[in-house]
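Top line first, the protein sequences correspond to chains D and X. Residue numbers for the first sequence follow our numbering, so the first one is 1 and each next one is one higher. Residue numbers for the second sequence follow our numbering, so the first one is 148 and each next one is one higher.
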Amino acid sequence: MIAFRLDGRAAQFSQDQRDTPLIYVLRDDGLREMTPKFGCGLEQCGACRVLVDGSPEYACTLPAGAVANRHVETSAGMDGAVRRALIDANATQCGYCLPGIVVAAEALFRVDPHPTRDRIAEALDAQLCRCGSQPRVLRALTALAGS
Amino acid sequence: MPLRQPAARAAGADRVGRLVRPLPAGLAALPSLGRWIRVADDGRVVALTGKVEIGQGLLTALRTIVAEELDVEPGRVQVVSAHTGRTPDEGTTAGSMSIETSGANLRQASAWARRLLLERASNRLGVPVARLDVADGEITAPGVNERVDYWQLIDAAFLDFEIPKRTPEKSPAEYRWVGHAGQRRVDVEAKATAAAFVHDAPAELHARLVRPPSVNHRLAELDIRVASPGTLVVDGSFVAVAHPKESEAVRWAERVAAKAHWRLAFGSPRAEIDEQRRAGAEAFPIRDGRPVRGPRQEMPTTFRATYSRPFLMHASLGPSAATALWRAGHASTPRLVIESASQGIESLRGVIARAMALDVDHIEIRHVAGAGCYGHNGADDAAFDAALVARAVPGRTVLLKWSREDEHGFEPLGPPMHVEMGAELDARDRVEAWTHDVYGFTHVSRPSPRAAGVDLLSARLLGQPLEPSTPRPALAPEVGIHRNALPIYAFPAQEVTKHFIADAPVRTSALRGLGAQGNVFAIESFMDELALEAGVSPDDFRRRHLGRDARAVAVLDAALAASGGLAGNRGMGLARYKNRQCCAAVVAEVAVDDSTAEIRVAKLWIAADAGRVIDPDGLRNQLEGGAIQALSWCLKEAVAFDAQGAVATRDWESYPILRFSEVPTVETVLVDHPELDPVGAGEATVGPTSAALANAVFAATGLRVRDLPMTPERLRQVAAS
Ligand code: FES
Ligand code: FES
């Protein structure tokens with residue numbers, strides 16, 4: 001078995017999953033962590049974003065073996081101010097892009113708690129949203145940055 | 148701050164108007180109260196709707212309407228959405244109609260529920276209804292110690308009550324929640340924290356498709372000699388694999404794809420709306436709002452311009468998905484159980500029943516959220532795909548997902564449009580004659596049990612193919628190609644004509660706004676071109692043609708007031724969606740980079756009148772979402788095809804959409820009319836935004852871009868011509 005931490009708790013998966021993209025391992029019956037979303041499998045949309053030891057990665061391509069003994073964080077475990085701010089502001093439409101946006105924004109706010117709008121937009125630039133929720137995501141996060 | 152109209156006038160019109168009105172259509176067709184509202188005995192209220200959440204906060208808005216009318220806290224109301232056999236059949240969730248239709252049904256049903264409960268309370272307490280007070284379902288009367296609540300007053304007779312006619316509804320002046328901000332959407336938290344989409348549904352098998360290069364290709368050879376690690380389903384040219392592990396299903400689908408050989412079975416006609424196609428189009432001049440067969444009136448015009456948009460994609464962020472379970476054993480009912488993000492589960496059920504030779508009652512479909520769809524995307528097709536796989540593995544729940552390539556390659560595309568405008572100005576620089584000729588393919592090919600064919604993608608691929616319907620011109624008012632072809636302006640003479648092209652080279656169907664985007668882009672760009680000819684400011688030129696349309700003038704003024712006017716690199720666009728729903732004006736400000744020819748939209752101001760505002764925050768969200776999506780279409784998007792007619796733009800790199808760093812700040816002003824019924828707004832801004840952008844680009848560069856998208860290459864082309 002390969003051990004890692006998932007949102008603060010101990011987790012593991014079998015050796016033969018080593019080369020499987022992390023997203024399938026996370027969403028599989030064993031772990032059933034469903035917030036990382038499959039959008040493209042091509043590192044083009046950011047729907048699958050997770051943090052690995054604090055840095056944003058694409059779970060759709062990252063081989064699961066790469067997270068051995070490391071800490072994987074998903075939107076489900078990020079119950080801090082960033083996720084709260086987005087939920088409280090209804091800063092989404094369909095919500096499919098939301099978990100990835102939470103993850104990318106969380107990564108930014110950990111290193112820079114008071115980013116400008118431009119900085120936030122830049123940090124989220126790899127996160128696609130087809131519904132056009134960007135203005136309100138930016139408003140919610142800019143407000144948080146100023147608080 | 149919503150701008151409010153005087154309330155006094157509102158109340159009077161309300162009282163008088165409302166008493167004589169018939170029941171909303173849904174309630175008239177299904178008058179049994181318990182099919183709409185159930186006061187559960189555990190302190191909850193259950194509201195049933197046939198409409199679905201597509202990311203616009205609809206279920207939250209419906210909850211608010213029910214809570215308001217019943218006088219209970221919104222938290223008590225649970226809205227159950229689209230589930231065949233359980234919820235009322237309210238048709239497809241489309242065309243920004245849900246607040247109008249389902250909202251009206253639930254509001255009236257709630258008014259009846261409240262009335263019946265108060266009558267019972269009056270008997271119980273021995274106090275006339277007029278003296279009763281309700282707060283969060285608890286009924287009291289001044290000077291009476293006894294109190295009862297809704298949940299003590301219900302019984303079977305309440306559920307079975309048949310609504311006979313309209314009962315008066317609460318006056319908007321008394322509203323506590325409707326029209327007030329601060330309501331958190333009911334579905335957002337779960338979407339950030341847990342399984343919430345059909346993609347996340349538990350299943351025993353994961354399925355993936357092995358698609359041909361295009362719908363015109365058929366399977367020539369599939370040589371699978373390796374022992375199968377899961378299930379392989381081959382029916383004609385429908386090929387799918389299923390495996391208990393998702394990663395294995397994906398891997399195996401790739402291996403099968405490598406072994407499959409396809410041949411082009413049908414011609415690969417050119418994609419564009421070219422001259423030849425236009426010459427073969429059928430013309431329908433619009434008379435009294437409807438396209439009719441008959442001669443088009445010739446109208447000589449001095450000023451002419453042609454506008455176009457390319458094929459567009461819905462491009463949902465999550466590839467289409469569905470679950471299906473084919474029950475084992477002949478006696479099981481229902482035979483087939485589906486979870487789907489379809490916008491029209493009742494139609495879908497009818498069509499799948501036909502395609503699989505099942506009785507409609509043997510199919511159950513429940514709506515589960517998908518990624519935003521913006522019209523007819525692959526959701527229905529995926530449900531049928533899942534059902535086809537499930538039939539091959541009875542007794543096991545299958546979760547089938549399209550790949551990104553499937554989604555971009557096989558969704559029904561938003562059709563291209565070609566719009567020819569003409570006008571004559573009189574001596575006072577007013578439009579005296581106006582012509583509008585819009586050419587295009589169908590915008591309407593959702594699966595329907597009433598259609599002649601089976602409009603589900605895989606049906607035509609089966610060993611015994613079921614052919615899709617032949618596209619037909621939609622002739623109802625304000626649909627398809629001619630949606631918003633009629634101008635909002637009062638011109639002394641006009642001829643507006645829909646030109647229907649039957650031979651679409653690919654599947655095309657409803658994309659947010661249908662024809663409204665292309666038509667309003669053309670009308671509002673042309674208005675600016677004419678204003679320039681007339682030497683009048685774009686807003687004054689519009690005002691002089693708005694006639695007595697005070698609501699449109701108010702919206703235009705609100706947008707200008709918010710933006711501080713059109714000076715600088717700014718442009719505007721104005722339209723009333725379907726010429727009867729939400730009226731929206733948009734002002735855009737752009738900056739165009741001299742060296743790269745890239746357009747950056749710095750800011751958008753939106754003003755909108757959607758009647759009574761139910762949920763200001765939700766309304767803003769929809770207006771803004773539509774505006775951002777329209778910017779994306781106009782700045783970046785165009786589907787390309789390869790030499791065999793297959794979609795060539797199959798990922799986000801070849802089909803880019805607007806990114807965070809490219810979205811403007813947006814300011815939205817709502818013009819509230821509490822005295823009027825609410826109208827939907829999800830599609831209201833796509834047209835005005837498109838034109839505002841083109842007009843702002845003209846203000847910034849002097850370049851009139853009439854063909855979308857406005858890429859740097861396009862700008863250079865226009866500059867060179
Ligand atoms: S799914 Fe990983 S980037 Fe799109
Ligand atoms: S909210 Fe739907 S994709 Fe972002």
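Cβ coordinates follow ideal geometry from the N, Cα and C atoms, glycine included. Every value quoted in this text rests on a predicted model; they were computed, and no experiment measured them.
Please classify histidine 514 of chain X as buried or exposed, where buried requires at least 16 other C-beta atoms within 10 Å of its C-beta.
Along the second sequence, read from residue 1 onward, the residue named residue 514 of chain X stands at position 367. Histidine 514 of chain X should be labelled buried.
Does the separation of the CB atoms of glutamate 43 of chain D and valine 50 of chain D fall below 8 Å?
By one-based count along the first sequence, residue 43 of chain D stands at place 43. By one-based count along the first sequence, residue 50 of chain D stands at place 50. No; because the gap between Cβ atoms is not below 8 Å, this pair is not in contact.
With DSSP as the reference, label glutamine 769 of chain X as helix, strand or coil.
Sequence index remark: in the second sequence, residue 769 of chain X carries index 622 (1-based). Note: glutamine 769 of chain X maps to helix in three-state DSSP.
So, is the C-beta of valine 345 of chain X closer than 8 Å to a C-beta in chain D?
Within the second sequence, the letter at position 198 stands for residue 345 of chain X. No, its Cβ sits nowhere closer than 8 Å to a Cβ of chain D.
Reduced DSSP category for valine 643 of chain X - H, G, I as helix; E, B as strand; rest coil:
Residue mapping note: residue 643 of chain X aligns to position 496 of the second sequence, counting from 1. Residue state, collapsed to three classes: strand.
Rounding to the nearest angstrom, what Cα-Cα distance links serine 467 of chain X and proline 559 of chain X in this structure?
Taking the first residue of the second sequence as 1, we reach residue 467 of chain X at position 320. Taking the first residue of the second sequence as 1, we reach residue 559 of chain X at position 412. Answer to the nearest angstrom: the Cα atoms are 12 Å apart.
Would you say alanine 47 of chain D reaches chain X, if we count a Cβ-Cβ gap shorter than 8 Å as a contact?
Counting from 1 along the first sequence, the entry for residue 47 of chain D is found at position 47. Output row for alanine 47 of chain D: interface = yes.
Flag glutamate 144 of chain X as yes when its Cβ comes closer than 7 Å to any non-hydrogen atom of ligand 1, and as no otherwise.
Given a span of 148 to 868 for chain X in the structure shown, any question on residue 144 of chain X remains unanswerable.
Check the Cβ-Cβ distances between lysine 338 of chain X and every residue of chain D, and say whether any is below 8 Å.
Within the second sequence, the letter at position 191 stands for residue 338 of chain X. Yes, lysine 338 of chain X lies at the interface with chain D (some Cβ there is under 8 Å from its Cβ).
Hey, which unbroken runs of the alpha helix (DSSP H) at 4 residues or more fall wholly within the region 191 to 220 of chain X?
205 to 217
Collect the residues with a C-beta less than 5 Å away from any heavy atom of ligand 2 and give them in sequence order along the chain.
D:Thr92, D:Gln93, D:Cys94, D:Tyr96, D:Cys97, D:Cys129, D:Arg130, D:Cys131, D:Ser133, X:Leu464 and X:Gly519
Quick check on the DSSP output: the alpha helix (DSSP H) that includes arginine 259 of chain X runs from which residue to which?
Residue 259 of chain X sits at position 112 when you count from the first residue of the second sequence. For the record, residue 259 of chain X in the displayed sequence is tryptophan; it is not arginine. It spans 245 to 272 - the alpha helix (DSSP H) in which tryptophan 259 of chain X sits, taken as one unbroken run.
DSSP three-state label for histidine 509 of chain X, please.
Along the second sequence, read from residue 1 onward, the residue named residue 509 of chain X stands at position 362. Note: histidine 509 of chain X maps to helix in three-state DSSP.
Where does the unbroken alpha helix (DSSP H) through tryptophan 399 of chain X begin, and where does it stop?
As a first step, residue 399 of chain X must be located in the second sequence, where it is residue number 252. Here the alpha helix (DSSP H) through tryptophan 399 of chain X covers 393 to 406.
Does the Cβ-Cβ distance between histidine 353 of chain X and glutamate 393 of chain X come in under 8 Å?
If you number the second sequence from 1, residue 353 of chain X lands on position 206. If you number the second sequence from 1, residue 393 of chain X lands on position 246. The answer is yes: Cβ separation under 8 Å.
Neighbour-count burial assignment, alanine 637 of chain X, 16 or more Cβ in a 10 Å radius:
Position 490 of the second sequence holds residue 637 of chain X. Result: exposed.
Between the beta-carbon of arginine 424 of chain X and the beta-carbon of tryptophan 473 of chain X, is there less than 8 Å?
As a first step, residue 424 of chain X must be located in the second sequence, where it is residue number 277. As a first step, residue 473 of chain X must be located in the second sequence, where it is residue number 326. Cβ distance not < 8 Å, so arginine 424 of chain X and tryptophan 473 of chain X don't count as in contact.
By how many angstroms is the C-alpha of leucine 138 of chain D removed from the C-alpha of alanine 89 of chain D?
The sequence position of residue 89 of chain D within the first sequence is 89, counting from 1. The sequence position of residue 138 of chain D within the first sequence is 138, counting from 1. Rounded to the nearest angstrom, the two C-alpha atoms are 11 Å apart.
Does DSSP put valine 702 of chain X in a helix, a strand or coil?
Taking the second sequence and counting its residues from 1, the one referred to as residue 702 of chain X is at position 555. Three-state result, valine 702 of chain X: helix.
For chain D, find out if any of its Cβ atoms is closer than 8 Å to the Cβ of glycine 190 of chain X; answer yes or no.
Against the second sequence, residue 190 of chain X aligns to sequence position 43. No, glycine 190 of chain X does not count as interfacial toward chain D.
Beta-carbon of glycine 61 of chain D versus every beta-carbon of chain X: anything under 8 Å?
By one-based count along the first sequence, residue 61 of chain D stands at place 61. Sequence inspection shows threonine at residue 61 of chain D; the glycine mentioned does not correspond to that position. Answer no: the Cβ-Cβ gap between threonine 61 of chain D and chain X never drops below 8 Å.
Looking only at C-alpha atoms, which of X:Gly711, X:Asp218 and X:Ala599 sits nearest to aspartate 280 of chain X?
The sequence position of residue 280 of chain X within the second sequence is 133, counting from 1. Comparing Cα positions, the closest option is X:Asp218.
Please confirm whether any heavy atom of ligand 1 lies closer than 7 Å to the CB of glycine 765 of chain X.
Along the second sequence, read from residue 1 onward, the residue named residue 765 of chain X stands at position 618. For ligand 1, not one heavy atom lies less than 7 Å from the Cβ of glycine 765 of chain X.
Run through DSSP, which three-state label would glutamine 423 of chain X get?
Looking up residue 423 of chain X in the second sequence gives position 276. Helix, per DSSP.
Please say whether alanine 530 of chain X and alanine 343 of chain X have beta carbons closer to each other than 8 Å?
One-based indexing of the second sequence puts residue 343 of chain X at position 196. One-based indexing of the second sequence puts residue 530 of chain X at position 383. No. Outside cutoff.
Suppose contacts are defined by Cβ-Cβ distances below 8 Å. Is isoleucine 485 of chain X in contact with alanine 500 of chain X by that definition?
The sequence position of residue 485 of chain X within the second sequence is 338, counting from 1. The sequence position of residue 500 of chain X within the second sequence is 353, counting from 1. No. Outside cutoff.
Less than 7 Å between C-beta atoms, sequence neighbours within five positions excluded: which residues of the same chain meet that for alanine 121 of chain D?
As a first step, residue 121 of chain D is located in the first sequence; it is residue number 121 there, counting from the start. Contacts found: Leu138.
Touch check for the region 806 to 813 of chain X and the region 851 to 859 of chain X: three-plus C-beta pairs under 8 Å?
no
Taking all protein chains shown into account, do 16 or more other C-beta atoms lie within 10 angstroms of the C-beta of lysine 312 of chain X, making it buried, or fewer, making it exposed?
The residue you call residue 312 of chain X lines up with position 165 of the second sequence. Its Cβ having fewer than 16 others within 10 Å, lysine 312 of chain X is exposed.
Quick test of your reading: isoleucine 420 of chain X and histidine 565 of chain X, contact by CB under 8 Å. State the CB separation rounded to the nearest angstrom.
In the second sequence, residue 420 of chain X corresponds to position 273, counting from 1. In the second sequence, residue 565 of chain X corresponds to position 418, counting from 1. Yes, isoleucine 420 of chain X and histidine 565 of chain X are in contact; Cβ-Cβ is about 4 Å, under 8 Å.
Exposed or buried, what is serine 801 of chain X when buried is set at 16 or more other beta-carbons lying within 10 Å of its beta-carbon?
Taking the first residue of the second sequence as position 1, residue 801 of chain X is located at position 654. So serine 801 of chain X ends up on the exposed side.
Whole-angstrom distance between isoleucine 804 of chain X and glutamate 784 of chain X, CA atom to CA atom:
Counting from 1 along the second sequence, the entry for residue 784 of chain X is found at position 637. Counting from 1 along the second sequence, the entry for residue 804 of chain X is found at position 657. Cα to Cα, glutamate 784 of chain X sits roughly 7 Å from isoleucine 804 of chain X.
Within 8 Å of any Cβ in chain X, is that where the Cβ of tyrosine 58 of chain D sits?
Counting from one through the first sequence, the residue named residue 58 of chain D turns up at place 58. No, because no Cβ of chain X sits closer than 8 Å to the Cβ of tyrosine 58 of chain D.
Can you pull the DSSP bridge partners for serine 455 of chain X?
Taking the second sequence and counting its residues from 1, one reaches residue 455 of chain X at position 308. DSSP lists X:His565 and X:Asp854 as partners of serine 455 of chain X.
Who are the Cβ neighbours of leucine 464 of chain X in its own chain at under 6 Å, not counting the five residues just before and after it?
To locate residue 464 of chain X, count along the second sequence from 1; it is residue 317. Cβ within range, chain order: Ala518.
Just checking: is the beta-carbon of valine 852 of chain X within a distance shorter than 8 Å of some beta-carbon in chain D?
For the purposes of this step, residue 852 of chain X is identified with residue 705 of the second sequence, where counting begins at 1. For valine 852 of chain X, the answer is no, since every Cβ of chain D falls outside 8 Å of its Cβ.
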